Amino acid sequence: MDPFRAFHTKIQVLANLNENIVNSHFPEELDHCVVRRKKPKTSAKADNSWSISSDSNDNAVPGPATISRGPPRLRPPLPQEVTELILRDLSKVELLPVLRSNKALYSVAVRVLYRELAESSPSRLISLLRALLPQTHVHPHVRKLDLNIASLECPTANLYRTLHALLRRTTGLASLSLDLPKAHSPVWIFEGCSFKLRQFSTSMHCSPALARFLDTQDRIVQLTLRGFQNDTMRSLPYLYMDITHTLTGIPGSGAIEILKKQEAGLEPFVLSPGALPRLAVFNAIHAGPAVVGEVVKGRPVTTVSIPLFSTNARRSLDALEGSAVPLKRLSIISFDPDAPNYIFEQVATRFPELEALHIVVLLAEFTNELLLAACQHLRHFKRLKYITCVATSSEESSVAEEQEIAEKWHEECPTLRTIILPRGRVWFQKPARISSDRNWECLED
1 MDPFRAFHTK
11 IQVLANLNEN
21 IVNSHFPEEL
31 DHCVVRRKKP
41 KTSAKADNSW
51 SISSDSNDNA
61 VPGPATISRG
71 PPRLRPPLPQ
81 EVTELILRDL
91 SKVELLPVLR
101 SNKALYSVAV
111 RVLYRELAES
121 SPSRLISLLR
131 ALLPQTHVHP
141 HVRKLDLNIA
151 SLECPTANLY
161 RTLHALLRRT
171 TGLASLSLDL
181 PKAHSPVWIF
191 EGCSFKLRQF
201 STSMHCSPAL
211 ARFLDTQDRI
221 VQLTLRGFQN
231 DTMRSLPYLY
241 MDITHTLTGI
251 PGSGAIEILK
261 KQEAGLEPFV
271 LSPGALPRLA
281 VFNAIHAGPA
291 VVGEVVKGRP
301 VTTVSIPLFS
311 TNARRSLDAL
321 EGSAVPLKRL
331 SIISFDPDAP
341 NYIFEQVATR
351 FPELEALHIV
361 VLLAEFTNEL
371 LLAACQHLRH
381 FKRLKYITCV
391 ATSSEESSVA
401 EEQEIAEKWH
411 EECPTLRTII
421 LPRGRVWFQK
431 PARISSDRNW
441 ECLED
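Okay, so the sequence shown: first residue is 1 according to the UniProt record's numbering, each after it adds one.
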(Lines of atoms letter the chains of each structure in order from A and count residues from 1; the text may use other names and numbers.)
(Lines give C-alpha, C1' and ligand atoms only; values in the text may rest on other atoms or scores of the structure.)
Protein backbone atom coordinates (compact mmCIF):
# COMPACT_ATOMS: atom_id res chain seq x y z
CA MET A 1 0.00 0.00 0.00
CA ASP A 2 1.48 3.33 -1.00
CA PRO A 3 2.08 5.98 1.73
CA PHE A 4 -0.74 8.25 0.56
CA ARG A 5 -3.35 5.45 0.68
CA ALA A 6 -2.13 4.39 4.15
CA PHE A 7 -2.40 7.96 5.43
CA HIS A 8 -5.88 8.35 3.97
CA THR A 9 -7.03 5.08 5.60
CA LYS A 10 -5.69 6.22 8.96
CA ILE A 11 -7.64 9.47 8.71
CA GLN A 12 -10.84 7.57 7.96
CA VAL A 13 -10.34 5.36 11.03
CA LEU A 14 -9.69 8.35 13.23
CA ALA A 15 -12.83 10.04 11.95
CA ASN A 16 -14.93 7.29 13.51
CA LEU A 17 -13.39 7.80 16.96
CA ASN A 18 -14.16 10.38 19.58
CA GLU A 19 -13.81 13.92 18.21
CA ASN A 20 -11.49 15.01 20.99
CA ILE A 21 -9.07 12.20 20.20
CA VAL A 22 -9.07 13.09 16.52
CA ASN A 23 -8.50 16.78 17.14
CA SER A 24 -5.56 16.04 19.39
CA HIS A 25 -3.68 14.90 16.29
CA PHE A 26 -3.94 18.33 14.65
CA PRO A 27 -3.04 21.90 15.65
CA GLU A 28 -6.07 23.76 16.97
CA GLU A 29 -5.78 26.68 14.54
CA LEU A 30 -5.69 24.55 11.36
CA ASP A 31 -8.64 23.44 9.29
CA HIS A 32 -9.24 19.84 10.38
CA CYS A 33 -10.14 17.04 8.04
CA VAL A 34 -12.87 15.60 10.31
CA VAL A 35 -16.54 16.51 10.27
CA ARG A 36 -18.04 17.13 13.71
CA ARG A 37 -20.90 14.86 14.65
CA LYS A 38 -23.77 15.87 16.88
CA LYS A 39 -23.79 14.21 20.28
CA PRO A 40 -26.85 12.03 20.86
CA LYS A 41 -29.29 13.21 23.49
CA THR A 42 -29.12 11.30 26.75
CA SER A 43 -31.73 10.83 29.44
CA ALA A 44 -31.90 13.02 32.52
CA LYS A 45 -30.75 10.11 34.62
CA ALA A 46 -27.69 9.71 32.57
CA ASP A 47 -27.11 13.45 32.69
CA ASN A 48 -27.36 13.45 36.47
CA SER A 49 -24.89 10.65 36.84
CA TRP A 50 -22.26 11.99 34.46
CA SER A 51 -22.82 15.75 34.18
CA ILE A 52 -21.11 18.51 36.17
CA SER A 53 -23.21 20.60 38.54
CA SER A 54 -24.93 23.72 37.26
CA ASP A 55 -22.85 25.91 39.57
CA SER A 56 -19.63 24.72 38.03
CA ASN A 57 -21.03 25.23 34.55
CA ASP A 58 -21.90 28.83 35.31
CA ASN A 59 -18.35 29.53 36.48
CA ALA A 60 -16.69 27.73 33.55
CA VAL A 61 -14.61 29.76 31.14
CA PRO A 62 -16.17 29.75 27.66
CA GLY A 63 -14.03 27.88 25.12
CA PRO A 64 -13.06 28.98 21.63
CA ALA A 65 -15.64 29.08 18.89
CA THR A 66 -16.15 25.85 17.00
CA ILE A 67 -14.17 25.69 13.73
CA SER A 68 -16.22 24.49 10.80
CA ARG A 69 -14.60 21.61 9.02
CA GLY A 70 -15.20 20.41 5.52
CA PRO A 71 -14.68 17.02 3.91
CA PRO A 72 -11.18 15.49 3.70
CA ARG A 73 -8.94 17.23 1.17
CA LEU A 74 -7.08 15.20 -1.45
CA ARG A 75 -5.33 18.23 -2.94
CA PRO A 76 -1.84 18.95 -1.52
CA PRO A 77 -1.74 22.01 0.75
CA LEU A 78 1.08 23.47 -1.40
CA PRO A 79 0.31 25.77 -4.35
CA GLN A 80 0.30 24.04 -7.72
CA GLU A 81 3.36 26.01 -8.82
CA VAL A 82 5.38 24.69 -5.87
CA THR A 83 4.14 21.14 -6.43
CA GLU A 84 5.16 21.39 -10.07
CA LEU A 85 8.68 22.51 -9.14
CA ILE A 86 8.99 19.49 -6.86
CA LEU A 87 7.75 17.06 -9.51
CA ARG A 88 10.24 18.40 -12.04
CA ASP A 89 13.00 16.67 -10.08
CA LEU A 90 11.42 13.27 -10.76
CA SER A 91 12.20 11.13 -13.76
CA LYS A 92 9.46 10.11 -16.16
CA VAL A 93 9.37 6.64 -14.60
CA GLU A 94 9.01 8.13 -11.12
CA LEU A 95 6.15 10.34 -12.31
CA LEU A 96 3.93 7.38 -13.24
CA PRO A 97 2.82 6.56 -9.65
CA VAL A 98 2.13 10.25 -9.07
CA LEU A 99 -0.22 10.28 -12.06
CA ARG A 100 -2.20 7.41 -10.53
CA SER A 101 -2.42 8.89 -7.03
CA ASN A 102 -5.35 11.32 -7.37
CA LYS A 103 -6.87 13.90 -9.68
CA ALA A 104 -5.17 16.87 -8.05
CA LEU A 105 -1.66 15.50 -8.48
CA TYR A 106 -2.52 14.14 -11.91
CA SER A 107 -3.33 17.61 -13.24
CA VAL A 108 0.15 18.79 -12.21
CA ALA A 109 2.15 15.66 -13.06
CA VAL A 110 0.72 15.38 -16.57
CA ARG A 111 2.07 18.82 -17.41
CA VAL A 112 5.53 17.87 -16.17
CA LEU A 113 5.52 14.49 -17.93
CA TYR A 114 4.68 15.82 -21.39
CA ARG A 115 6.37 19.23 -21.24
CA GLU A 116 9.66 18.01 -22.79
CA LEU A 117 9.79 15.03 -25.15
CA ALA A 118 13.08 13.79 -26.62
CA GLU A 119 13.66 10.70 -28.74
CA SER A 120 16.56 9.52 -30.89
CA SER A 121 15.47 5.96 -31.62
CA PRO A 122 13.33 5.63 -34.79
CA SER A 123 11.33 2.69 -33.42
CA ARG A 124 10.61 4.41 -30.10
CA LEU A 125 9.78 7.62 -31.96
CA ILE A 126 7.10 5.84 -33.97
CA SER A 127 5.63 4.39 -30.76
CA LEU A 128 5.71 7.83 -29.17
CA LEU A 129 3.89 9.47 -32.09
CA ARG A 130 1.23 6.75 -32.23
CA ALA A 131 0.64 7.00 -28.48
CA LEU A 132 0.45 10.80 -28.41
CA LEU A 133 -1.87 11.44 -31.34
CA PRO A 134 -5.10 10.05 -29.76
CA GLN A 135 -4.47 11.79 -26.41
CA THR A 136 -5.77 15.21 -27.29
CA HIS A 137 -5.82 16.33 -23.65
CA VAL A 138 -2.01 16.22 -23.40
CA HIS A 139 -1.23 18.07 -26.65
CA PRO A 140 -1.45 21.56 -25.06
CA HIS A 141 1.11 20.53 -22.42
CA VAL A 142 3.91 19.76 -24.92
CA ARG A 143 6.40 22.63 -24.88
CA LYS A 144 9.59 21.04 -26.25
CA LEU A 145 10.21 18.39 -28.93
CA ASP A 146 13.70 17.04 -29.65
CA LEU A 147 13.56 14.37 -32.36
CA ASN A 148 16.60 12.79 -34.00
CA ILE A 149 16.14 10.28 -36.81
CA ALA A 150 19.32 11.09 -38.73
CA SER A 151 20.41 7.46 -38.40
CA LEU A 152 17.36 6.29 -40.34
CA GLU A 153 18.40 5.74 -43.95
CA CYS A 154 15.01 6.19 -45.59
CA PRO A 155 12.09 7.39 -43.44
CA THR A 156 8.70 6.63 -44.95
CA ALA A 157 6.22 9.29 -45.98
CA ASN A 158 3.82 7.89 -43.38
CA LEU A 159 6.32 8.75 -40.63
CA TYR A 160 6.48 12.36 -41.81
CA ARG A 161 2.68 12.52 -42.09
CA THR A 162 2.34 11.28 -38.52
CA LEU A 163 4.87 13.85 -37.35
CA HIS A 164 3.00 16.53 -39.29
CA ALA A 165 -0.24 15.57 -37.54
CA LEU A 166 1.40 15.86 -34.12
CA LEU A 167 2.98 19.23 -34.92
CA ARG A 168 -0.41 20.61 -35.92
CA ARG A 169 -1.89 19.55 -32.58
CA THR A 170 0.88 20.81 -30.29
CA THR A 171 -0.23 24.43 -30.37
CA GLY A 172 1.80 25.38 -27.28
CA LEU A 173 5.14 24.19 -28.65
CA ALA A 174 7.97 26.62 -27.84
CA SER A 175 11.13 24.64 -28.65
CA LEU A 176 11.61 22.31 -31.63
CA SER A 177 14.68 20.37 -32.73
CA LEU A 178 14.52 18.14 -35.82
CA ASP A 179 17.55 16.16 -36.95
CA LEU A 180 16.68 14.35 -40.18
CA PRO A 181 18.67 12.36 -42.76
CA LYS A 182 21.08 14.46 -44.84
CA ALA A 183 19.08 14.28 -48.06
CA HIS A 184 15.67 14.96 -46.47
CA SER A 185 14.16 18.40 -46.09
CA PRO A 186 10.36 17.96 -45.66
CA VAL A 187 9.43 21.55 -44.86
CA TRP A 188 5.80 20.71 -45.68
CA ILE A 189 5.40 19.14 -42.21
CA PHE A 190 5.09 22.71 -40.85
CA GLU A 191 2.02 23.50 -42.97
CA GLY A 192 -1.00 24.33 -40.85
CA CYS A 193 1.00 24.59 -37.61
CA SER A 194 -0.05 27.39 -35.25
CA PHE A 195 2.69 27.17 -32.61
CA LYS A 196 5.07 30.07 -31.98
CA LEU A 197 8.61 28.86 -31.35
CA ARG A 198 11.26 30.49 -29.20
CA GLN A 199 13.98 27.96 -30.09
CA PHE A 200 14.30 26.18 -33.42
CA SER A 201 16.99 23.80 -34.62
CA THR A 202 16.85 21.81 -37.85
CA SER A 203 18.99 19.92 -40.32
CA MET A 204 16.74 20.92 -43.24
CA HIS A 205 18.34 22.70 -46.18
CA CYS A 206 18.07 26.47 -46.35
CA SER A 207 15.45 26.58 -49.06
CA PRO A 208 12.82 29.22 -49.92
CA ALA A 209 10.22 26.99 -48.25
CA LEU A 210 12.14 27.04 -44.96
CA ALA A 211 12.52 30.82 -45.26
CA ARG A 212 8.75 31.17 -45.64
CA PHE A 213 8.23 29.12 -42.47
CA LEU A 214 10.72 31.28 -40.55
CA ASP A 215 8.83 34.37 -41.72
CA THR A 216 5.86 33.18 -39.64
CA GLN A 217 7.88 32.64 -36.45
CA ASP A 218 8.25 36.11 -34.97
CA ARG A 219 9.09 34.88 -31.45
CA ILE A 220 12.24 32.88 -32.23
CA VAL A 221 15.13 33.92 -29.99
CA GLN A 222 17.56 31.09 -30.78
CA LEU A 223 17.99 29.62 -34.28
CA THR A 224 20.27 26.74 -35.30
CA LEU A 225 20.63 25.74 -38.96
CA ARG A 226 22.52 22.47 -39.32
CA GLY A 227 21.59 21.74 -42.92
CA PHE A 228 24.05 21.67 -45.80
CA GLN A 229 23.76 24.88 -47.76
CA ASN A 230 24.39 25.48 -51.45
CA ASP A 231 27.28 27.88 -50.98
CA THR A 232 28.85 25.51 -48.46
CA MET A 233 29.11 22.79 -51.10
CA ARG A 234 31.11 25.13 -53.30
CA SER A 235 33.28 26.26 -50.39
CA LEU A 236 34.53 22.90 -49.17
CA PRO A 237 33.60 20.15 -51.64
CA TYR A 238 36.09 17.51 -50.61
CA LEU A 239 35.00 17.37 -46.98
CA TYR A 240 31.46 16.57 -48.12
CA MET A 241 32.29 13.95 -50.74
CA ASP A 242 30.19 11.35 -48.95
CA ILE A 243 27.28 13.79 -48.73
CA THR A 244 27.30 14.54 -52.43
CA HIS A 245 27.36 10.83 -53.12
CA THR A 246 24.30 10.41 -50.88
CA LEU A 247 22.42 13.18 -52.66
CA THR A 248 23.20 12.14 -56.22
CA GLY A 249 24.36 8.53 -56.11
CA ILE A 250 27.35 9.47 -58.27
CA PRO A 251 30.79 9.00 -56.72
CA GLY A 252 33.76 11.34 -57.07
CA SER A 253 34.03 14.81 -58.51
CA GLY A 254 31.28 14.14 -61.03
CA ALA A 255 28.71 14.45 -58.24
CA ILE A 256 30.13 17.85 -57.28
CA GLU A 257 29.87 19.16 -60.84
CA ILE A 258 26.26 17.99 -61.08
CA LEU A 259 25.45 19.71 -57.79
CA LYS A 260 26.97 22.97 -59.00
CA LYS A 261 24.82 22.89 -62.12
CA GLN A 262 21.72 22.14 -60.04
CA GLU A 263 22.51 24.93 -57.58
CA ALA A 264 22.76 27.49 -60.37
CA GLY A 265 19.02 27.18 -60.98
CA LEU A 266 17.94 27.10 -57.31
CA GLU A 267 16.15 30.00 -55.66
CA PRO A 268 18.15 31.72 -52.92
CA PHE A 269 17.33 31.58 -49.23
CA VAL A 270 15.69 34.97 -48.58
CA LEU A 271 13.89 36.13 -45.43
CA SER A 272 11.40 38.97 -45.36
CA PRO A 273 12.74 42.18 -43.72
CA GLY A 274 10.38 41.82 -40.76
CA ALA A 275 11.16 38.16 -40.06
CA LEU A 276 12.77 36.99 -36.80
CA PRO A 277 12.56 40.37 -35.02
CA ARG A 278 13.66 38.88 -31.66
CA LEU A 279 16.54 36.71 -32.87
CA ALA A 280 19.47 36.93 -30.44
CA VAL A 281 21.36 33.64 -30.89
CA PHE A 282 22.27 32.16 -34.28
CA ASN A 283 24.21 28.95 -34.85
CA ALA A 284 25.18 27.99 -38.40
CA ILE A 285 26.87 24.61 -38.65
CA HIS A 286 27.50 24.43 -42.41
CA ALA A 287 26.22 27.74 -43.77
CA GLY A 288 28.27 30.09 -45.91
CA PRO A 289 28.26 33.90 -46.04
CA ALA A 290 25.03 34.18 -48.08
CA VAL A 291 22.90 32.38 -45.49
CA VAL A 292 24.72 33.94 -42.52
CA GLY A 293 24.23 37.43 -43.89
CA GLU A 294 20.56 36.82 -44.68
CA VAL A 295 19.81 35.69 -41.13
CA VAL A 296 21.91 38.23 -39.21
CA LYS A 297 21.24 41.38 -41.23
CA GLY A 298 19.17 43.96 -39.35
CA ARG A 299 18.38 41.67 -36.39
CA PRO A 300 19.47 42.01 -32.73
CA VAL A 301 21.88 39.08 -32.85
CA THR A 302 24.45 39.10 -30.02
CA THR A 303 25.64 35.47 -30.00
CA VAL A 304 26.83 33.70 -33.15
CA SER A 305 28.52 30.42 -34.07
CA ILE A 306 29.65 30.03 -37.70
CA PRO A 307 32.03 27.95 -39.83
CA LEU A 308 34.81 29.49 -41.92
CA PHE A 309 35.84 27.97 -45.24
CA SER A 310 38.94 28.76 -47.23
CA THR A 311 37.21 30.39 -50.20
CA ASN A 312 34.93 32.78 -48.30
CA ALA A 313 36.16 33.12 -44.71
CA ARG A 314 36.43 36.91 -44.79
CA ARG A 315 33.03 37.26 -46.46
CA SER A 316 31.45 35.22 -43.65
CA LEU A 317 32.95 37.59 -41.09
CA ASP A 318 31.74 40.55 -43.14
CA ALA A 319 28.23 39.08 -43.07
CA LEU A 320 28.21 39.21 -39.26
CA GLU A 321 28.69 42.97 -39.31
CA GLY A 322 25.10 43.32 -40.50
CA SER A 323 23.75 42.68 -36.98
CA ALA A 324 21.66 45.52 -35.56
CA VAL A 325 23.60 45.37 -32.26
CA PRO A 326 27.27 44.67 -31.42
CA LEU A 327 28.23 41.01 -31.07
CA LYS A 328 29.00 39.81 -27.54
CA ARG A 329 29.86 36.14 -28.08
CA LEU A 330 31.44 34.65 -31.20
CA SER A 331 32.35 31.01 -31.84
CA ILE A 332 34.26 30.05 -34.99
CA ILE A 333 35.04 26.63 -36.44
CA SER A 334 37.62 27.11 -39.16
CA PHE A 335 38.31 24.72 -42.04
CA ASP A 336 40.81 27.15 -43.57
CA PRO A 337 44.48 26.03 -43.34
CA ASP A 338 45.55 29.69 -43.42
CA ALA A 339 43.30 30.78 -40.53
CA PRO A 340 46.02 31.17 -37.83
CA ASN A 341 47.66 33.90 -39.92
CA TYR A 342 44.65 36.22 -40.04
CA ILE A 343 41.89 35.11 -37.66
CA PHE A 344 42.75 37.37 -34.69
CA GLU A 345 43.27 40.44 -36.84
CA GLN A 346 40.05 40.00 -38.82
CA VAL A 347 37.92 39.38 -35.74
CA ALA A 348 39.43 42.17 -33.61
CA THR A 349 38.97 44.88 -36.23
CA ARG A 350 35.34 43.93 -36.86
CA PHE A 351 34.02 43.12 -33.38
CA PRO A 352 35.81 45.13 -30.65
CA GLU A 353 32.82 44.81 -28.29
CA LEU A 354 33.13 41.04 -27.88
CA GLU A 355 32.98 39.58 -24.37
CA ALA A 356 33.72 35.96 -25.34
CA LEU A 357 35.67 34.60 -28.33
CA HIS A 358 36.05 30.89 -29.10
CA ILE A 359 38.18 29.76 -32.05
CA VAL A 360 38.55 26.13 -33.17
CA VAL A 361 40.95 25.51 -36.06
CA LEU A 362 40.75 22.00 -37.55
CA LEU A 363 43.14 22.05 -40.51
CA ALA A 364 46.04 24.13 -39.16
CA GLU A 365 48.31 24.63 -36.15
CA PHE A 366 48.88 27.54 -33.78
CA THR A 367 52.57 27.94 -32.95
CA ASN A 368 53.79 29.93 -29.95
CA GLU A 369 55.09 32.60 -32.33
CA LEU A 370 51.64 33.06 -33.87
CA LEU A 371 50.04 33.26 -30.43
CA LEU A 372 52.49 35.93 -29.29
CA ALA A 373 51.95 37.83 -32.53
CA ALA A 374 48.24 38.01 -31.71
CA CYS A 375 48.98 40.44 -28.85
CA GLN A 376 48.92 43.45 -31.15
CA HIS A 377 45.38 42.57 -32.22
CA LEU A 378 43.99 41.74 -28.77
CA ARG A 379 44.42 45.35 -27.66
CA HIS A 380 41.47 46.30 -29.90
CA PHE A 381 39.04 44.40 -27.66
CA LYS A 382 37.40 46.61 -25.04
CA ARG A 383 35.37 44.06 -23.02
CA LEU A 384 36.83 40.65 -23.84
CA LYS A 385 36.67 38.37 -20.77
CA TYR A 386 36.94 34.84 -22.14
CA ILE A 387 39.01 33.58 -25.05
CA THR A 388 39.49 30.04 -26.35
CA CYS A 389 41.99 29.07 -29.02
CA VAL A 390 41.93 25.35 -29.84
CA ALA A 391 43.88 23.69 -32.65
CA THR A 392 45.77 20.54 -33.43
CA SER A 393 49.44 20.87 -32.56
CA SER A 394 52.45 18.69 -33.27
CA GLU A 395 54.81 20.52 -30.92
CA GLU A 396 54.67 20.42 -27.15
CA SER A 397 54.51 23.61 -25.13
CA SER A 398 55.69 23.90 -21.54
CA VAL A 399 53.64 25.45 -18.77
CA ALA A 400 56.12 28.32 -18.50
CA GLU A 401 55.76 29.13 -22.20
CA GLU A 402 51.98 29.16 -22.02
CA GLN A 403 52.10 31.26 -18.87
CA GLU A 404 54.16 33.85 -20.75
CA ILE A 405 51.57 33.90 -23.54
CA ALA A 406 48.70 34.30 -21.07
CA GLU A 407 50.40 37.16 -19.21
CA LYS A 408 51.27 39.01 -22.41
CA TRP A 409 47.74 38.60 -23.70
CA HIS A 410 46.48 40.08 -20.45
CA GLU A 411 48.88 43.01 -20.73
CA GLU A 412 47.37 43.92 -24.10
CA CYS A 413 43.79 43.10 -23.04
CA PRO A 414 43.38 43.80 -19.29
CA THR A 415 39.74 42.68 -19.22
CA LEU A 416 40.68 39.02 -19.84
CA ARG A 417 39.72 36.61 -17.06
CA THR A 418 40.00 33.14 -18.59
CA ILE A 419 42.27 31.89 -21.40
CA ILE A 420 42.26 28.44 -23.01
CA LEU A 421 45.28 27.81 -25.24
CA PRO A 422 45.65 25.20 -28.03
CA ARG A 423 47.07 22.48 -25.76
CA GLY A 424 43.89 22.53 -23.72
CA ARG A 425 45.25 24.19 -20.59
CA VAL A 426 42.89 26.60 -18.85
CA TRP A 427 44.51 29.78 -17.51
CA PHE A 428 42.86 32.17 -15.07
CA GLN A 429 43.98 35.27 -13.24
CA LYS A 430 44.82 34.72 -9.58
CA PRO A 431 42.86 36.93 -7.14
CA ALA A 432 44.76 40.02 -5.98
CA ARG A 433 44.52 39.02 -2.29
CA ILE A 434 46.69 35.95 -2.94
CA SER A 435 50.38 36.79 -3.01
CA SER A 436 52.32 34.86 -5.61
CA ASP A 437 55.09 35.31 -8.12
CA ARG A 438 52.72 34.31 -10.91
CA ASN A 439 49.72 36.45 -11.84
CA TRP A 440 48.16 33.72 -13.99
CA GLU A 441 47.58 30.16 -12.84
CA CYS A 442 46.90 26.99 -14.80
CA LEU A 443 43.97 24.80 -13.83
CA GLU A 444 46.34 21.82 -13.75
CA ASP A 445 48.49 23.44 -11.01
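Think of the CB as a built atom: it goes at the ideal place given N, C-alpha and C, for glycine as much as any other residue.
This structure is a prediction, so every number in the text was calculated from the model and none was measured.
Between the CA atoms of D318 and F351 - distance to the nearest angstrom: If you number the sequence shown from 1, residue 351 lands on position 351. If you number the sequence shown from 1, residue 318 lands on position 318. CA-CA distance, F351 to D318, rounds to 10 Å.
For L308, the first and last residue of its enclosing beta strand (DSSP E): Translated into positions along the sequence shown, residue 308 becomes position 308. T303 to L308 is the extent of the beta strand (DSSP E) around L308.
Selected residue, minimal CA-CA separation from S121, among S185, S151 and V304: In the sequence shown, residue 121 corresponds to position 121, counting from 1. Ranking S185, S151 and V304 by Cα distance to S121 puts S151 first.
Simplified DSSP state of C442, which is helix, strand or coil: Walking along the sequence shown from the start, residue 442 turns up at place 442. Strand at C442.
F335 and L370 closer than 9 Å at C-beta: As a position in the sequence shown, residue 335 is number 335, starting the count at 1. As a position in the sequence shown, residue 370 is number 370, starting the count at 1. By the CB criterion at 9 Å, F335 and L370 fall outside the cutoff.
Residues bridged to V93 [DSSP beta-bridge criterion]: Within the sequence shown, numbered from 1, the residue matching residue 93 stands at position 93. V93 pairs with nothing; no bridge assigned.
Three-way DSSP call (helix, strand, coil) for T216 in this model: Counting from 1 along the sequence shown, the entry for residue 216 is found at position 216. DSSP places T216 in coil when its eight states are reduced to three.
Complete beta strand (DSSP E) runs within the stretch 268-297 (minimum length 3 residues, chain order): 281-284
Any non-hydrogen atom of the ligand HEM within 8 Å of R299 CB: Among the components modelled here there is no ligand, and therefore nothing to report on the ligand HEM.
C-alpha distance - P186 paired with E396, whole-angstrom precision: Along the sequence shown, one-based indexing puts residue 186 at 186. Along the sequence shown, one-based indexing puts residue 396 at 396. If I take the Cα positions, the gap works out to 48 Å.
Every unbroken alpha helix (DSSP H) inside the stretch 369-414 [4 residues or more]: 375-378 and 399-412
Length of the line joining the Cα atoms of A131 and Q217: For the purposes of this step, residue 131 is taken as residue 131 along the sequence shown, with counting starting at 1. For the purposes of this step, residue 217 is taken as residue 217 along the sequence shown, with counting starting at 1. Answer to the nearest angstrom: the Cα atoms are 28 Å apart.
Rounded straight-line distance, which links the Cα of T303 to that of R326: To locate residue 326, count along the sequence shown from 1; it is residue 326. To locate residue 303, count along the sequence shown from 1; it is residue 303. Sequence check: residue 326 is Pro here, not Arg. Rounded to whole angstroms, P326 to T303 spans 9 Å at the Cα level.
Reference A287, options S305, V138 and L279, closest by Cα: Taking the first residue of the sequence shown as 1, we reach residue 287 at position 287. Comparing Cα-Cα distances from A287 to each of S305, V138 and L279, the minimum goes to S305.
Helix, strand or coil at H358 according to DSSP, with G and I counted as helix: Counting from one through the sequence shown, the residue named residue 358 turns up at place 358. Strand at H358.
Helix, strand or coil at V98 according to DSSP, with G and I counted as helix: On the sequence shown, position 98 is the one that residue 98 refers to. Residue state, collapsed to three classes: helix.
For L105 and T83, the rounded distance between their alpha carbons: Within the sequence shown, numbered from 1, the residue matching residue 83 stands at position 83. Within the sequence shown, numbered from 1, the residue matching residue 105 stands at position 105. Spanning the two alpha carbons is a distance of roughly 8 Å.
Close beta carbons around T162, own chain, < 8 Å, minus the five adjacent residues each side: As a first step, residue 162 is located in the sequence shown; it is residue number 162 there, counting from the start. Contacts found: I126, L129, R130 and L133.
Inter-residue spacing [alpha-carbon to alpha-carbon] between N368 and H141: The residue labelled residue 368 in the question sits at position 368 within the sequence shown. The residue labelled residue 141 in the question sits at position 141 within the sequence shown. Rounded to whole angstroms, N368 to H141 spans 54 Å at the Cα level.
C-alpha distance - V361 paired with L223, whole-angstrom precision: In the sequence shown, counting from the first residue as 1, residue 361 sits at position 361. In the sequence shown, counting from the first residue as 1, residue 223 sits at position 223. Straight through space, the alpha carbons of L223 and V361 are spaced by roughly 23 Å.
Reduced DSSP secondary structure (H/G/I, E/B, other) of Q346: Taking the first residue of the sequence shown as position 1, residue 346 is located at position 346. If DSSP states are grouped into helix, strand and coil, Q346 belongs with the helices.
Check whether S207 and D179 have beta carbons under 9 Å apart: The sequence position of residue 207 within the sequence shown is 207, counting from 1. The sequence position of residue 179 within the sequence shown is 179, counting from 1. No. Outside cutoff.
Buried or exposed by the 16-neighbour rule on C-beta atoms within 10 Å, applied to L113: Translated into the one-based positions of the sequence shown, residue 113 becomes position 113. Per the 10 Å Cβ criterion, buried.
Rounded distance between the beta-carbons of L225 and I285, thought under 8 Å: In the sequence shown, counting from the first residue as 1, residue 285 sits at position 285. In the sequence shown, counting from the first residue as 1, residue 225 sits at position 225. With 8 Å as the limit, I285 and L225 qualify as a contact, their Cβ atoms being about 7 Å apart.
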